[in-house]
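Peer 1:
Protein chains: 2
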Amino acid sequence: MPAPYAGLLERYHDWLDLPAYTRPVTLLEGNTPLIPMPRLAEELGGGFELYVKYEGLNPSGSFKDRGMTAAISEALGRGVRAVICASTGNTAASAAAYAARAGLRAIVLIPQGKVALGKLAGALAYGAEVIQIEGSFDDALALVVEISQKYPIALVNSLNPYRLEGQKTAAFEICDTLGSAPDWLCLPVGNAGNITAYWMGFRQYHVRRGSGLPRLLGVQAAGAAPLVLGHPVEKPETVATAIRIGRPARGEQALAAAEESGGRIIAVSDDEILTMQRRLAAHGVWVEPASAAGLAGLAHEIAAGRFNPRGQRIVAICTGHGLKDPDIVARWSTPPRTLPASLQALTDALLREAA
Amino acid sequence: MPAPYAGLLERYHDWLDLPAYTRPVTLLEGNTPLIPMPRLAEELGGGFELYVKYEGLNPSGSFKDRGMTAAISEALGRGVRAVICASTGNTAASAAAYAARAGLRAIVLIPQGKVALGKLAGALAYGAEVIQIEGSFDDALALVVEISQKYPIALVNSLNPYRLEGQKTAAFEICDTLGSAPDWLCLPVGNAGNITAYWMGFRQYHVRRGSGLPRLLGVQAAGAAPLVLGHPVEKPETVATAIRIGRPARGEQALAAAEESGGRIIAVSDDEILTMQRRLAAHGVWVEPASAAGLAGLAHEIAAGRFNPRGQRIVAICTGHGLKDPDIVARWSTPPRTLPASLQALTDALLREAA
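Here the protein sequences come in this chain order: A and B. Residues in the first sequence are numbered from 1 upward in steps of one, following full-length UniProt numbering. Residues in the second sequence are numbered from 1 upward in steps of one, following full-length UniProt numbering.
In C-alpha cells:
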C-alpha cells in the first residue's frame with residue numbers, strides 16, 4: 001500500500017528549492033481534482049479536451065495554500081514568531097490557516113471595503129489579527145514589505161519566493177495526472193504570481209521528464225488589466241475581487257512567461273466572467289468569480305476566431321471555491337420561492353414549470 | 001504510473017451495491033485529507049493519536065457529495081429527468097451540484113429561515129429550483145417523499161439507499177490511510193445517515209480485510225438530541241444547522257450502530273460546539289459548527305472522566321467546511337480594526353499587542 005498523502009512538501013520534496021532548515025507545516029493541501037468537462041467543451045465548439053483544475057478544494061478554499069505551506073514552513077524553520085501579508089482575501093485566509101497550524105502569530109492587512117465576506121471570515125476564523133488599511137491593496141502591500149524589513153516578521157505575500165516554490169506544484173500535479181503537460185493552460189492573472197509559478201513548474205518538469213510545455217492564456221479582468229494595457233491601473237475595478245490588482249508584483253515575469261510559452265495575456269469583461277461562473281456552476285463546478293476568468297478568456301478567444309481549440313488538450317485553473325464569495329450568486333441566480341407545506345401547492349408549482 | 005483518480009464509484013466499484021444500470025456521475029469527490037492533529041490531542045490530555053477527516057474538501061463543501069455521486073448516478077441510469085430533496089443546506093448544494101453535472105433538473109425544499117447563507121447560495125449557484133416550505137425540515141421531508149412516490153422524480157434524501165452506499169466510502173478511505181480502522185470514530189449525528197453509513201463501511205471492510213472495527217461516539221446538539229432523549233424533538237434548536245433535526249431518518253440504525261460498536265450517542269451544548277469550532281480553526285482546520293460536534297463530544301467525555309483516550313487512535317469526522325457558514329464566525333472572532341495607511345500606526349498597534 002502506498003504511504004498516505006502527506007502534503008506537497010513531502011510529495012514533491014526533490015523538486016522544491018527550500019532551505020534545509022525548513023520545518024514542514026501542512027494541512028494536506030494540493031492533490032486537487034482535475035475534472036474532465038466534456039459537455040462544456042462541446043458547448044464551446046467541441047473537438048477538444050477540457051479539464052478544470054479545481055483549486056478551491058485546498059484546505060482554506062483556494063490555491064494559495066500551495067504557496068503558503070512552503071512560505072510558512074520556511075518561516076517556522078527560520079525561527080520567526082509572526083507572519084504578515086497584505087491580501088484581497090484568499091492569501092489572508094491561507095496565511096492565517098497555516099500560521100495557526102504552525103502556532104505562529106498571523107497579521108493580515110486588507111484594503112478597506114470590497115473584500116468578499118467568505119474570505120474575511122476565514123482569516124478571522126483562523127485567528128489572524130486582521131487590520132483594514134485606509135488605502136488600496138498596493139498601499140497595504142507597501143506597508144507589509146516595509147515592516148517585514150524592519151522587524152522579525154516574515155512576509156508571506158507572493159513577493160516571498162517560497163510561495164512560488166509551493167505554487168508550482170500544481171503544474172507537477174497536472175502533468176502527473178495527464179501524463180504530460182496540456183497544450184494550453186488558461187488561468188486568471190491578478191498579482192501574477194500564479195502564472196509565474198505554473199510556468200516555473202512546467203519548465204522544471206519538462207527539463208527532467210520531457211513532459212512538454214503548455215501555451216499560457218493568462219486572463220485579466222478588463223477593469224484591472226495592467227498587463228494588457230501596459231501600465232499600472234490606479235483604481236482597479238472588477239467583480240472578481242481576487243484579481244482586482246493594479247500593480248502586479250510579478251507582472252514582468254508573467255508577461256515573459258506568456259510570451260516564452262507562445263501564449264498571451266488578454267482581458268475579459270465582468271459580464272463575461274460572471275457568465276462563465278454561472279456556466280461552470282451549471283456543470284457542477286462552483287467557483288469564485290476570478291476563477292472563471294481563465295475559461296471566460298478561452299470562450300472569448302474562440303468566439304472572436306482567434307483560438308482554434310480543435311484537437312487541443314486544455315486545462316483551466318479555477319483558483320478558488322464559489323463558497324468564497326456566496327453573495328455574488330444573487331447577481332445571476334433565481335431566488336428561492338416560498339410555498340405552503342402542501343403537496344398540491346408543490347405539485348402545481350413544479351408541473352407548471354415542467355410544462 | 002497509477003491511473004488518475006476518477007471518483008468514488010470507480011475507486012470503490014467492487015464494494016458498492018449499486019444497480020448495473022448506474023451511470024457514474026462524478027465531480028471527483030472523496031479522497032479527502034485525514035489530518036493528524038497532535039497539538040490538539042495534547043491539549044485534550046495527550047497520550048493518544050488524533051486525526052480529523054476533513055470532509056469539507058469535497059466538491060460542494062461537505063461529505064454529502066459521497067452519497068450524492070451514488071444517488072445521482074443511480075437516478076441518471078434509471079432514466080429520471082429530475083431529482084428532489086429536502087435539506088437544511090448541505091444536501092441541497094450537493095444534490096444541485098451532481099444534478100447539474102448529470103444534466104438533470106434539481107428541486108430542493110428547504111425549511112423556511114435559519115438555513116446558513118453559504119449553503120443556500122450553493123444550491124442556487126448550481127441551478128437548483130429552491131423552494132422554501134412554510135414549515136420544518138420534517139414537513140419538507142414528508143413532502144418530497146410523497147411527491148417522489150407519485151411522480152417520476154428521484155428522491156435523493158438520505159432515505160435513498162444509494163446515499164448510504166456512497167457515504168460508506170469514507171470508512172474505506174480511513175482504513176486505507178491508517179492501514180486499519182481507528183479505535184474510536186467521533187462524529188456529529190443529525191439525520192443519522194452518516195453514522196449508519198460509516199458503520200456499514202467499517203463492517204464491510206472488516207469482513208473482507210480484517211481491518212478491525214471502531215467504537216462510535218455519535219454526538220448530537222443538546223437542542224436537537226432525539227436519540228439521546230429517546231423521543232422526537234418537535235422544535236429542534238441549535239447553532240449547528242446541519243444537525244438541527246428532530247426526527248432522524250436513520251435514528252434506529254444509528255442507535256444500533258453505536259451499541260453494536262461498543263460506543264454511544266451523547267449530546268453537547270451549542271457553547272461546547274462553538275468552542276471546539278474555534279479551537280479547531282486555531283489549529284488550521286475551519287469547519288462549520290456541526291462538524292465540530294464530534295470533537296466537542298470527545299472533549300466533553302474526557303473532561304467528565306468517562307473516556308480514557310490513552311493509547312487510542314481516534315478519528316473525528318468534520319463533515320463540512322467553515323465556508324459553509326461564515327456568519328457564525330462573528331460570534332467568537334475578533335473583528336478587524338481599521339488603521340491609517342502608515343508604518344507608524346501599524347508598528348504601534350502591533351508592538352503594543354506583542355508587549
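A virtual CB, placed ideally from N, CA and C, is assigned to each residue, including glycine.
1) Output yes if chain A places a C-beta closer than 7 Å to the C-beta of residue 61 of chain B; else output no.
2) Please report the residue range of the alpha helix (DSSP H) in which residue 196 of chain B lies.
3) Determine the contact status of residue 363 of chain A and residue 111 of chain A, defining contact as a CB-CB distance below 7 Å.
4) With respect to 6 Å, is the separation between the Cβ of residue 179 of chain B and the closest non-hydrogen atom of the ligand ZN below this value?
5) Which chain B residues are close to residue 130 of chain A, counting only those with a beta carbon under 7 Å from its beta carbon?
6) Starting from the Cα of residue 51 of chain A, find the closest Cα among A:231, A:340, A:196 and A:309 and give me that residue.
7) Counting pairs of Cβ atoms below 8 Å between the stretch 306-320 of chain A and the stretch 274-287 of chain A, do you hit three or more?
8) Report the neighbours of residue 274 of chain A on chain B: residues whose CB is nearer than 7 Å to its CB, in chain order.
9) Per DSSP, what kind of secondary structure is residue 250 of chain A in: helix, strand or coil?
10) Are the C-beta atoms of residue 355 of chain A and some chain B residue less than 7 Å apart?
11) Taking the straight line between their C-alpha atoms, what separation do you get for residue 57 of chain B and residue 62 of chain A?
12) When DSSP labels each residue in this structure, what does residue 168 of chain B get in the three-state scheme?
13) For chain A, check one thing: does any of its Cβ atoms lie closer than 7 Å to the Cβ of residue 52 of chain B?
14) How is residue 128 of chain B classed by DSSP in three states: helix, strand or coil?
15) Could you round the C-beta distance between residue 195 of chain B and residue 218 of chain B to whole angstroms and report it? I think they count as a contact, below 8 Å.
16) Closer than 9 Å between beta carbons: that is the criterion. Which residues of the stretch 70-101 of chain A meet it against chain B?
17) Which first and last residues belong to the beta strand (DSSP E) in which residue 105 of chain B is found?
18) Rounded C-beta distance between residue 315 of chain A and residue 53 of chain A? I'm assuming under 8 Å.
19) Compare the C-beta of residue 255 of chain A with all C-beta atoms of chain B and state if any pair is closer than 7 Å.
20) Please classify residue 361 of chain A as buried or exposed, where buried requires at least 16 neighbouring CB atoms within 10 angstroms.
21) Since residue 36 of chain B is in the beta strand (DSSP E), which residue starts that stretch and which ends it?
22) With 16 other CB atoms within 10 Å as the buried threshold, where does residue 343 of chain B fall?
23) For residue 267 of chain A, I'd like the list of residues in its chain whose CB is within less than 6 Å of its CB, leaving aside the five on either flank, ordered along the chain.
24) Residues of chain B with CB under 9 Å from residue 206 of chain A, in chain order?
25) Any idea what DSSP makes of residue 15 of chain A, helix, strand or coil?
26) Interface residues of chain A around residue 126 of chain B at Cβ under 8 Å?
27) Work out the CA separation of residue 291 of chain A and residue 134 of chain B for me, nearest whole Å.
28) Under 7 Å between beta-carbons, which chain A residues line up against residue 347 of chain B? List them in chain order, please.
29) From residue 55 of chain A to residue 102 of chain B, what does the alpha carbon distance come to, in whole angstroms?
30) Which bits of chain B does residue 322 of chain A rub up against, with CB to CB less than 8 Å?
31) Residue range of the alpha helix (DSSP H) that residue 275 of chain A falls in?
32) Residue 143 of chain B CB to nearest chain A CB: under 7 Å?
33) Pull up the distance between the alpha-carbon of residue 123 of chain A and that of residue 96 of chain B, whole angstroms please.
34) Identify every residue that forms a DSSP beta bridge with residue 266 of chain A.
35) Considering only DSSP beta bridges, list what residue 338 of chain A is partnered with.
36) Suppose you measure from the CA of residue 272 of chain A to the CA of residue 232 of chain B; what does that come to, to the nearest Å?
Peer 2: Concretely, from the data shown:
1) Here residue 61 of chain B is taken as the residue at index 61 of the second sequence, counted from 1. It does: the Cβ of residue 61 of chain B has a partner Cβ on chain A nearer than 7 Å.
2) As a first step, residue 196 of chain B is located in the second sequence; it is residue number 196 there, counting from the start. From DSSP, the alpha helix (DSSP H) with residue 196 of chain B extends over 193-209.
3) In this structure chain A extends from 1 to 355, so residue 363 of chain A is not present and cannot be described.
4) For the structure depicted, the ligand ZN is absent and the ligand set is empty, with no information on it obtainable.
5) Looking up residue 130 of chain A in the first sequence gives position 130. Those within 7 Å of residue 130 of chain A in chain B are 336.
6) Here residue 51 of chain A refers to the residue found at position 51 of the first sequence. Considering only alpha carbons, the answer is A:309.
7) yes
8) The residue labelled residue 274 of chain A in the question sits at position 274 within the first sequence. Within chain B, no residue comes near residue 274 of chain A; the closest Cβ sits about 11 Å away, beyond 7 Å.
9) Residue numbering aside, residue 250 of chain A sits at position 250 when the first sequence is read from its first letter. Reduced to three states, the DSSP call for residue 250 of chain A is coil.
10) Taking the first residue of the first sequence as 1, we reach residue 355 of chain A at position 355. Note that residue 355 of chain A has pLDDT 48, beneath the 50 cutoff, so the model's placement of it is unreliable and no number is given.
11) For this step, residue 57 of chain B is matched to residue 57 along the second sequence. For this step, residue 62 of chain A is matched to residue 62 along the first sequence. Cα to Cα, residue 57 of chain B sits roughly 11 Å from residue 62 of chain A.
12) The residue given as residue 168 of chain B occupies position 168 in the second sequence. Of the three classes helix, strand and coil, the one that applies to residue 168 of chain B here is coil, per DSSP.
13) What you label residue 52 of chain B is simply residue 52 of the second sequence in a count that begins at 1. No - not a single Cβ of chain A is within 7 Å of the one on residue 52 of chain B.
14) Indexing the second sequence from 1 puts residue 128 of chain B at position 128. Residue 128 of chain B falls in the coil class under three-state DSSP.
15) Taking the second sequence and counting its residues from 1, the one referred to as residue 195 of chain B is at position 195. Taking the second sequence and counting its residues from 1, the one referred to as residue 218 of chain B is at position 218. 5 Å between Cβ atoms; contact.
16) 81, 82, 84, 93, 96, 97, 98, 99, 100 and 101
17) Counting from 1 along the second sequence, the entry for residue 105 of chain B is found at position 105. Unbroken beta strand (DSSP E) run through residue 105 of chain B: 105-111.
18) Here residue 315 of chain A refers to the residue found at position 315 of the first sequence. Here residue 53 of chain A refers to the residue found at position 53 of the first sequence. Between residue 53 of chain A and residue 315 of chain A the Cβ distance is about 6 Å, and since that is below 8 Å, they are a contact.
19) Here residue 255 of chain A corresponds to residue number 255 of the first sequence, with the count starting at 1. False, the Cβ-Cβ gap to chain B never drops below 7 Å.
20) This structure cannot settle anything about residue 361 of chain A, because the visible part of chain A is limited to 1 through 355.
21) Indexing the second sequence from 1 puts residue 36 of chain B at position 36. Residues 34-36.
22) By 1-based counting over the second sequence, the position of residue 343 of chain B is 343. So residue 343 of chain B ends up on the exposed side.
23) For the purposes of this step, residue 267 of chain A is identified with residue 267 of the first sequence, where counting begins at 1. Here the set comprises 220, 222, 225 and 228.
24) As a working mapping, residue 206 of chain A is identified with position 206 in the first sequence. Chain order gives no chain B residues near residue 206 of chain A, where near means a beta carbon separation below 9 Å; the closest approach is about 17 Å.
25) Translated into positions along the first sequence, residue 15 of chain A becomes position 15. It is helical.
26) Looking up residue 126 of chain B in the second sequence gives position 126. The contacting residues are 281, 282, 284 and 286.
27) The residue you call residue 134 of chain B lines up with position 134 of the second sequence. The residue you call residue 291 of chain A lines up with position 291 of the first sequence. Using only the alpha carbons, I get a separation of about 36 Å.
28) Numbered from 1 along the second sequence, position 347 holds the residue referred to as residue 347 of chain B. Within 7 Å Cβ-Cβ: 147.
29) The count along the first sequence starts at 1 and reaches residue 55 of chain A at position 55. The count along the second sequence starts at 1 and reaches residue 102 of chain B at position 102. Approximately 22 Å between the Cα atoms of the pair.
30) In the first sequence, residue 322 of chain A corresponds to position 322, counting from 1. Ordered by position in chain B, the residues that pass the 8 Å Cβ test against residue 322 of chain A are 121, 122 and 125.
31) By one-based count along the first sequence, residue 275 of chain A stands at place 275. Per DSSP, residue 275 of chain A belongs to the alpha helix (DSSP H) from 270-281.
32) Taking the second sequence and counting its residues from 1, one reaches residue 143 of chain B at position 143. Cβ-Cβ to chain A under 7 Å: yes for residue 143 of chain B.
33) As a position in the first sequence, residue 123 of chain A is number 123, starting the count at 1. As a position in the second sequence, residue 96 of chain B is number 96, starting the count at 1. Approximately 28 Å, taken between the alpha carbons.
34) Numbered from its first residue, the first sequence carries residue 266 of chain A at position 266. A:219.
35) Start at 1 with the first residue of the first sequence, and residue 338 of chain A comes out as number 338. In the DSSP output, where bridge partners are listed per residue, residue 338 of chain A has B:132.
36) Within the first sequence, the letter at position 272 stands for residue 272 of chain A. Within the second sequence, the letter at position 232 stands for residue 232 of chain B. Spanning the two alpha carbons is a distance of roughly 50 Å.
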